[in-house]
Amino acid sequence: MNLYALGWNAFFADHFQQLEDKNCLPARITIEQKDYYLAYGEEGEVKARLPGRFRHTAITRADLPVVGDWVAVKKQTGTTEVAVQAVLPRKSRFVRKAPISGGRKLGQVGGRETIIGGVTEEQVIAANIDVLALVSALDLNFNLRRIERFLTLAASSGTKPVLLLNKTDLCDDVELYRTQVRSIATGIPVHALSALQGSGLGVFEDYLSSGQTLAFIGSSGVGKSTLVNALLGEARQKVNAVSEHVGKGRHTTTYRELVIHPQGGIIIDTPGLRELQIWGEEDDVDEVFHEIEELIAQCRFGDCSHEKEPGCAVRQALLNGDLDAGRYESYCKQKSEMRYLAHKRKQKAKREGRRAKKGGLK
Numbered sequence: 004m005n006l007y008a009l010g011w012n013a014f015f016a017d018h019f020q021q022l023e024d025k026n027c028l029p030a031r032i033t034i035e036q037k038d039y040y041l042a043y044g045e046e047g048e049v050k051a052r053l054p055g056r057f058r059h060t061a062i063t064r065a066d067l068p069v070v071g072d073w074v075a076v077k078k079q080t081g082t083t084e085v086a087v088q089a090v091l092p093r094k095s096r097f098v099r100k101a102p103i104s105g106g107r108k109l110g111q112v113g114g115r116e117t118i119i120g121g122v123t124e125e126q127v128i129a130a131n132i133d134v135l136a137l138v139s140a141l142d143l144n145f146n147l148r149r150i151e152r153f154l155t156l157a158a159s160s161g162t163k164p165v166l167l168l169n170k171t172d173l174c175d176d177v178e179l180y181r182t183q184v185r186s187i188a189t190g191i192p193v194h195a196l197s198a199l200q201g202s203g204l205g206v207f208e209d210y211l212s213s214g215q216t217l218a219f220i221g222s223s224g225v226g227k228s229t230l231v232n233a234l235l236g237e238a239r240q241k242v243n244a245v246s247e248h249v250g251k252g253r254h255t256t257t258y259r260e261l262v263i264h265p266q267g268g269i270i271i272d273t274p275g276l277r278e279l280q281i282w283g284e285e286d287d288v289d290e291v292f293h294e295i296e297e298l299i300a301q302c303r304f305g306d307c308s309h310e311k312e313p314g315c316a317v318r319q320a321l322l323n324g325d326l327d328a329g330r331y332e333s334y335c336k337q338k339s340e341m342r343y344l345a346h347k348r349k350q351k352a353k354r355e356g357r358r359a360k361k362g363g364l365k
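4 is the number of the first residue of the sequence shown in my numbering; add one for each residue after it.
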């Protein structure tokens, strides 16, 4: 198989040449399971496993391979399987804060109710993405605040984000929703389509070309897998017979998968994200809510709390209706979460420094 059709380029080739072990071969992770991976290389698909020493030297789970990663593998004697020797540096990646096991825990951070608890660790959903398709559905689950959270995660991903509004067949006023989304996503392409009816799929001609990776990300039930099936012309994903009125759709992806499009291009499908805790820096929030940052710069006082101070441009914009109250609250909430995250990451960095001296993941 041609490596360049899989997304191989000079960036990965340069890093691969720097590896000390010259007996390795490059391969790209296509499926990640609990105890093994599937990967594509020049000789086709192979099953890959992680040696024990690899896990031992990994500091966090983000150091382990994920779908979309390029890895260096070595053939094993007496088996068709290969062993992963290294993960090549990622050109881009989509991450979130690792979900909390045992349910959400809420606490007060900066005077606002915020999700707290769980491990302070990033979860890499997919790697080496060129175009990040953030999928929402034009149904009862449509939520601008959720889209804002996806945009914040996309801000530092190193990808080109596009917004897909699926299920136009269930919407009476598509243009109204498209206008609302464009108002919070300045400069980002917004496309309305129906995977079920096959309408609007021509937009993907701009995003699928040989060697380019398109990843679908979104909440459960927005129709990501239906889109993938429509693009591939075959039902690759498992089908669950769940009625449309509960908003879950009929196609449910249970694992991440990288697929080669017959006409060129690479598609990554992912399970629906039921929990969307943000990960990144405060600058990512500022980028998504840039108009609020511009208002803050106009306040009379540099330390304005935007509550009762005179000359507050933010309060004036809220009163005039120039700034939506829901969007401002979303901004404040995300800023509080990022500050809390920065505090927890600083604490964790100290612990990881001690762990690195003893060994990696157990």
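All C-beta atoms in this analysis are idealised placements derived from N, C-alpha and C, irrespective of residue type, glycine included.
Original post:
Per DSSP, A140 forms a beta bridge with which residues?
Top reply: Paired residues: N169.
Original post:
In terms of residues, what are the limits of the beta strand (DSSP E) holding A51?
Top reply: Here the beta strand (DSSP E) through A51 covers G47 to R52.
Subject >> Cβ neighbour criterion (16 or more within 10 Å) applied to F304 >> reply: By the 10 Å Cβ count, F304 comes out exposed.
Original post:
Is the beta carbon of G81 sitting closer than 8 Å to the one on N131?
Top reply: Not closer than 8 Å, so no.
Original post:
Any idea what DSSP makes of E178, helix, strand or coil?
Top reply: Secondary structure at E178: helix, using DSSP grouped into helix, strand and coil.
Original post:
With 16 other CB atoms within 10 Å as the buried threshold, where does A157 fall?
Top reply: That one is buried.
Subject >> Bounding residues of the alpha helix (DSSP H) (the contiguous stretch that carries Q20) >> reply: Judged by DSSP secondary structure, Q20 falls within the alpha helix (DSSP H) whose first and last residues are A13 to Q20.
Original post:
How many angstroms separate the CA atom of P102 from the CA atom of S213?
Top reply: Those two C-alpha atoms are separated by around 34 Å.
Subject >> Endpoints, beta strand (DSSP E) assigned at H264 >> reply: For H264, no beta strand (DSSP E) encloses it, and the DSSP letter there is neither H nor E.
Subject >> Length-filtered (4 minimum) alpha helix (DSSP H) runs lying within the region 297 to 330 >> reply: List check, alpha helix (DSSP H) in window: 316 to 323.
**OP:** Use the C-beta contact count for G10: other C-beta atoms within 10 angstroms, 16 or more gives buried, fewer gives exposed.
**Re:** So G10 counts as buried.
Original post:
What does a CB cutoff of less than 8 Å around Y7 pick up in its chain, not counting 5 residues either side in sequence?
Top reply: Here the set comprises S213 and G214.
Subject >> Candidates P164, E294, E46 and V138: closest to S95 by CA position >> reply: Out of P164, E294, E46 and V138, P164 has the C-alpha closest to the C-alpha of S95.
Subject >> Contact set for H293: own chain, Cβ-Cβ below 6 Å, skip 5 residues either direction >> reply: Answer for H293: no residue qualifies.
Original post:
Based on Cα-Cα distance, which residue from Y331, A195 and D172 lies nearest to R181?
Top reply: Measuring from the Cα of R181, the nearest candidate turns out to be A195.
Original post:
Mapping DSSP to helix, strand and coil, what is K94?
Top reply: Coil at K94, not helix or strand.
Subject >> DSSP-derived helix/strand/coil call for Q126 >> reply: Reduced to three states, the DSSP call for Q126 is strand.
**OP:** Kindly indicate which three-state DSSP category D272 falls into: helix, strand or coil?
**Re:** Strand.
**OP:** Just confirm the distance between the C-beta atoms of V74 and A89, as a whole number of angstroms; I'd bet it's less than 8 Å.
**Re:** About 7 Å separates the CB atoms of V74 and A89; that is less than 8 Å, so the two are in contact.
**OP:** Whole angstroms is fine: what's the gap from A345's alpha carbon to L321's?
**Re:** Approximately 29 Å between the Cα atoms of the pair.
Original post:
With a Cβ-Cβ cutoff of 8 Å, do E48 and R259 count as a contact?
Top reply: Not a contact, by the Cβ cut-off of 8 Å.
Subject >> Cβ pair count under 8 Å reaching 3, the region 270 to 282 against the region 144 to 160 >> reply: Taking one beta carbon from each stretch, the region 270 to 282 and the region 144 to 160 have 3 or more pairs nearer than 8 Å; the two touch.
Original post:
For F420, which residues from the same chain have a beta carbon less than 7 Å from its beta carbon, with the 5 sequence-adjacent residues on both sides left out?
Top reply: Only positions 4 to 365 of the chain appear in this structure, which leaves residue 420 out of reach.
**OP:** Assuming L217 and I263 form a contact by the criterion Cβ under 8 Å, report the distance between their Cβ atoms to the nearest whole angstrom.
**Re:** No, L217 and I263 are not in contact; Cβ-Cβ is about 12 Å, not under 8 Å.
Original post:
Straight-line CA distance for K338 to I220?
Top reply: Cα-Cα distance, rounded: 23 Å.
Original post:
What span of residues does the alpha helix (DSSP H) with R148 cover, start to end?
Top reply: It spans L147 to A158 - the alpha helix (DSSP H) in which R148 sits, taken as one unbroken run.
Original post:
Ends of the beta strand (DSSP E) at V383?
Top reply: The structure shown has nothing for residue 383, since the chain only spans 4 to 365.
Original post:
Between S139 and V69, is the Cβ-Cβ spacing less than 8 Å?
Top reply: The answer is no: Cβ separation not under 8 Å.
Original post:
So what's Y343 in DSSP terms, helix, strand or just coil?
Top reply: For Y343, the secondary structure class from DSSP, reduced to helix, strand or coil, is helix.
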